[in-house]
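Before any comments, here is the structure.
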Amino acid sequence: MEKLQFKAESQRLLDLMINSIYTHREIFLREIISNASDAMDKLAYIGLTDEKVGLSREDMAITITRDQEARTLTVSDNGIGMDREELEENLGTIAKSGSLSFKQSMEKSEDVDIIGQFGVGFYSAFMVASQVTVITKKYGSDTAWKWVSDGAEGYTIEETEKDAPGTDIIMVLKEDTEDEHYSDFLEEYQIRELVRKYSDYIRWPIRMEVTKSRKKEDSEEYESYTEMETLNSMVPLWQRAKKDVTQEEYDQFYKEKFFDYEKPLRTIHTSAEGAVSFKALLYIPGKAPYDYYSKDFKGGLQLYSAGVMIMDRCEDLLPDYFSFVRGIVDSQDLSLNISREMLQHDRQKLIIARNIEKKIKAELLDMQEKDRTSYEKFYAAFGRQLKYGTVADYGAHKDATQDLLLFRSHKQGKLVSLKEYVEAMAEGQEKIYYVVGDSLDRLEKLPQVKTLADKGYDVLICTEDVDEFIPNTLRTYSEKSFCNAATEDLGLQTEEEKKELEEKTQQLQGFLTFVKESLGERVKEVRLSDALGSYPVAMVPEAGMSFEMEKYMKRVDPKFAFPVGRILELNPEHEAVKKTIDTMTADPVAAREQIQILMYQAQLMAGLPIEDPAAYTDLICRLIAR
Numbered sequence: 011m012e013k014l015q016f017k018a019e020s021q022r023l024l025d026l027m028i029n030s031i032y033t034h035r036e037i038f039l040r041e042i043i044s045n046a047s048d049a050m051d052k053l054a055y056i057g058l059t060d061e062k063v064g065l066s067r068e069d070m071a072i073t074i075t076r077d078q079e080a081r082t083l084t085v086s087d088n089g090i091g092m093d094r095e096e097l098e099e100n101l102g103t104i105a106k107s108g109s110l111s112f113k114q115s116m117e118k119s120e121d122v123d124i125i126g127q128f129g130v131g132f133y134s135a136f137m138v139a140s141q142v143t144v145i146t147k148k149y150g151s152d153t154a155w156k157w158v159s160d161g162a163e164g165y166t167i168e169e170t171e172k173d174a175p176g177t178d179i180i181m182v183l184k185e186d187t188e189d190e191h192y193s194d195f196l197e198e199y200q201i202r203e204l205v206r207k208y209s210d211y212i213r214w215p216i217r218m219e220v221t222k223s224r225k226k227e228d229s230e231e232y233e234s235y236t237e238m239e240t241l242n243s244m245v246p247l248w249q250r251a252k253k254d255v256t257q258e259e260y261d262q263f264y265k266e267k268f269f270d271y272e273k274p275l276r277t278i279h280t281s282a283e284g285a286v287s288f289k290a291l292l293y294i295p296g297k298a299p300y301d302y303y304s305k306d307f308k309g310g311l312q313l314y315s316a317g318v319m320i321m322d323r324c325e326d327l328l329p330d331y332f333s334f335v336r337g338i339v340d341s342q343d344l345s346l347n348i349s350r351e352m353l354q355h356d357r358q359k360l361i362i363a364r365n366i367e368k369k370i371k372a373e374l375l376d377m378q379e380k381d382r383t384s385y386e387k388f389y390a391a392f393g394r395q396l397k398y399g400t401v402a403d404y405g406a407h408k409d410a411t412q413d414l415l416l417f418r419s420h421k422q423g424k425l426v427s428l429k430e431y432v433e434a435m436a437e438g439q440e441k442i443y444y445v446v447g448d449s450l451d452r453l454e455k456l457p458q459v460k461t462l463a464d465k466g467y468d469v470l471i472c473t474e475d476v477d478e479f480i481p482n483t484l485r486t487y488s489e490k491s492f493c494n495a496a497t498e499d500l501g502l503q504t505e506e507e508k509k510e511l512e513e514k515t516q517q518l519q520g521f522l523t524f525v526k527e528s529l530g531e532r533v534k535e536v537r538l539s540d541a542l543g544s545y546p547v548a549m550v551p552e553a554g555m556s557f558e559m560e561k562y563m564k565r566v567d568p569k570f571a572f573p574v575g576r577i578l579e580l581n582p583e584h585e586a587v588k589k590t591i592d593t594m595t596a597d598p599v600a601a602r603e604q605i606q607i608l609m610y611q612a613q614l615m616a617g618l619p620i621e622d623p624a625a626y627t628d629l630i631c632r633l634i635a636r
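Position 248 of the sequence shown, counting from 1, maps to 258 under our numbering, and the rest follow consecutively.
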């Protein structure tokens with residue numbers, strides 16, 4: 011037995027790899043299994059031209075053996091194995107990768123995916139093991155070798171016995187501490203979970219002896235027995251041709267992989283060839299997770315490289331406004347960092363992300379057009395996220411989301427897209443009218459909405475906080491500008507009508523001054539309006555900010571909230587206003603009470619709180635008692 015030292019400042023580098031490179035200790039099993047898979051890929055590649063290999067694909071497997079008493083976990087393969095020189099090169103020199111060398115020495119083949127490119131994965135075993143033993147025999151060699159190390163000063167190499175080519179990695183797990191329970195990695199359930207999580211799509215079967223139970227013959231009692239079980243599924247659904255996969259298989263995979271009892275609304279199975287080749291299996295869910303709109307929610311797609319999971323949630327592959335999408339991306343072209351836990355090049359992520367974004371948008375538009383019921387179910391769950399995405403980053407992403415938005419149409423009584431709204435606009439309508447508030451019923455009864463409806467114009471009824479920001483972000487859609495019907499000029503007046511209103515204002519200037527003096531600072535301005543239809547009065551905000559924005563700011567950050575100036579609009583053709591004008595001359599006190607009532611009515615219709623409900627009630631009671 012020969013005692014040898016690690017090369018390349020072994021202790022310092024090994025400490026760095028064990029303590030810094032890998033985020034989670036559980037990664038060690040993924041790395042050891044990946045190395046075993048590489049070894050088997052190499053032998054299978056040689057077997058394409060060498061009939062002496064003598065192993066069929068059915069004979070090849072990765073076997074996991076656990077011994078809880080000895081605290082050992084063993085991963086065995088019947089791959090190509092190593093000779094003494096390769097042991098020293100690959101295990102004695104940290105960051106020397108035999109897989110990378112093999113990959114560089116052969117022509118690229120679709121039959122071999124070598125993922126162990128950095129030569130450090132093996133050393134991840136020392137995160138959980140106090141000693142690692144490697145017993146290996148190279149294909150074509152008569153001699154087997156045993157490599158042993160505690161990950162400190164060095165290692166030993168000696169000849170040993172092994173019947174067939176392949177490699178056994180025997181890890182003696184560290185003793186448990188208060189913070190780390192290494193014994194968990196010897197539990198059947200834990201190994202099964204880690205294989206499913208990280209190595210489910212390794213192309214070779216990963217087998218382990220598992221304990222099961224059955225009824226004894228002629229008895230109601232149960233007995234335990236063991237049998238070898240394959241833990242991984244091996245062939246990923248996304249690697250199969252779409253024509254060979256049923257929707258039931260897609261749905262079942264989604265339910266099991268993403269723990270959802272409902273079927274997804276849509277499945278996207280796609281692939282791309284080019285600068286970065288990849289395959290993706292994406293799902294659009296029918297309901298939002300319980301924490302979706304909370305700060306704790308983490309989106310992203312599972313990222314695989316040649317069947318090995320690299321990241322559980324790669325957020326960079328999805329724009330935030332499509333964070334509801336679940337799924338998997340698998341690419342052999344990724345440039346990974348040394349721990350295989352993250353991508354090194356943003357360009358590769360960007361290419362994949364752009365392609366995926368286009369696929370998702372196209373699928374959603376197709377659902378919107380061809381399966382409206384499903385789309386509205388989707389929109390009920392995730393429409394708010396699309397709206398947030400529209401206004402985020404000062405509208406940088408509005409082109410990606412605006413066609414996916416839906417709003418309540420007052421005229422049609424249903425949800426419509428902006429495209430559908432514009433296509434249905436009445437002749438002569440030049441603006442996209444909308445109102446924002448917290449009550450659908452109240453908004454549909456606003457005088458401005460009724461006025462527009464009387465002309466055959468539609469109004470979008472918006473009832474979510476974020477709706478306030480969308481028109482200001484979009485500015486226009488299909489060359490039509492947005493107009494807040496409750497706060498802006500509706501643009502319905504002819505020049506003659508404008509002139510008539512100006513003349514009326516001059517005639518009633520004394521009355522308007524009387525109203526303003528009666529209300530004092532509670533209103534900033536009093537003016538006449540010919541857009542109130544059958545309503546006597548309306549309360550509108552001064553230009554620049556809406557009442558809904560005022561409410562929003564009070565909820566979000568009261569310190570920076572400030573009241574919006576109130577403008578009282580009066581309909582000079584309404585009988586209640588005419589009566590008040592007449593009363594002003596005969597009984598100014600009674601006229602002021604009537605003005606108070608009109609103001610309160612305007613506040614109620616605008617969804618504004620009444621500052622003094624008791625005074626309002628007293629006023630109504632006095633009016634009734636007369």
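The beta-carbon is built from N, C-alpha and C at its ideal position, and this holds for glycine as well.
- Comparing C-alpha distances from D343 to each of F479, Y314, D326 and R364 shows the shortest one belongs to Y314.
- A285 carries a coil assignment under DSSP once its states are collapsed to helix, strand and coil.
- When secondary structure is reduced to three states using DSSP, E219 falls in the strand class.
- Runs of beta strand (DSSP E) with 3 or more residues, each lying fully within the segment 427-458, are found at 441-446, listed in chain order.
- Nearest in C-alpha terms to I179, of all of K289, K156, D464 and D261, is K156.
- By the C-beta criterion, the segment 134-151 is judged to be in contact with the segment 83-96, since at least 3 inter-stretch pairs fall below 8 Å.
- For E527, the closest C-alpha among the options M559, P582, P598 and E283 is that of P598.
- Boundaries of the beta strand (DSSP E) harbouring Y235: Y232 to T240, taken from the DSSP string.
- For S333, no alpha helix (DSSP H) segment is defined, and its DSSP state is neither H nor E.
- Taking a C-beta distance under 7 Å as the contact criterion, V446 and E478 qualify as a contact pair.
- The three-state secondary structure of T515, taken from DSSP, is helix.
- The straight-line gap separating the alpha-carbon atoms of M435 and K441 is approximately 9 Å.
- Ranked by Cα distance from T411, the first of Q378, G438 and E558 is Q378.
- When secondary structure is reduced to three states using DSSP, W155 falls in the strand class.
- In this chain, the alpha helix (DSSP H) harbouring P598 covers P598 to M615.
- If you look at R565, you'll find it in the alpha helix (DSSP H) that goes F557 to V566.
- In this chain, the alpha helix (DSSP H) harbouring N482 covers I480 to L484.
- The bridge partners DSSP lists for G164 are Q15.
- The shortest C-alpha to C-alpha distance from K508 to any of L518, A541 and E68 is the one to A541.
- DSSP places G399 inside the alpha helix (DSSP H), whose first and last residues are R382 to V401.
- Between the segment 332-342 and the segment 280-291 there are three or more inter-stretch CB-CB distances shorter than 8 Å, so the stretches are counted as touching.
- Your pair S44 and G131 checks out as a contact, with CB atoms roughly 6 Å apart and the cut at 8 Å.
- A direct Cα-Cα distance of roughly 8 Å separates E272 from K297.
- Taking all protein chains shown into account, K589 has fewer than 16 neighbouring C-beta atoms within 10 Å of its C-beta and is therefore exposed.
- By the Cβ-count criterion, Q613 is buried, with 16 or more other Cβ atoms from all chains shown falling within 10 Å of its own Cβ.
- Contact between L518 and R537 is absent: CB atoms are separated by about 10 Å, not below the 8 Å threshold.
- For D87, the three-state secondary structure derived from DSSP is strand.
- Check the Cα spacing between A285 and each of A71, E266, L360 and Y293: the tightest is with L360.
- DSSP lists no beta-bridge partner residue for N100.
- In this structure M70 does not touch W248 by the C-beta definition: roughly 23 Å separates them, more than the 8 Å allowed.
- Under the three-state reduction of DSSP output, V205 falls in the helix class.
- For G176, the enclosing beta strand (DSSP E) has its first and last residue at G176 to L183.
- With a cutoff of 7 Å on beta-carbon distance, D77 and A46 are scored as not near each other.
- A49 has its alpha-carbon roughly 8 Å from the corresponding atom of G176.
- Here K460 carries a helix assignment [DSSP, helix/strand/coil].
- In this structure, the beta-carbon distance from T82 to V182 falls below 7 Å.
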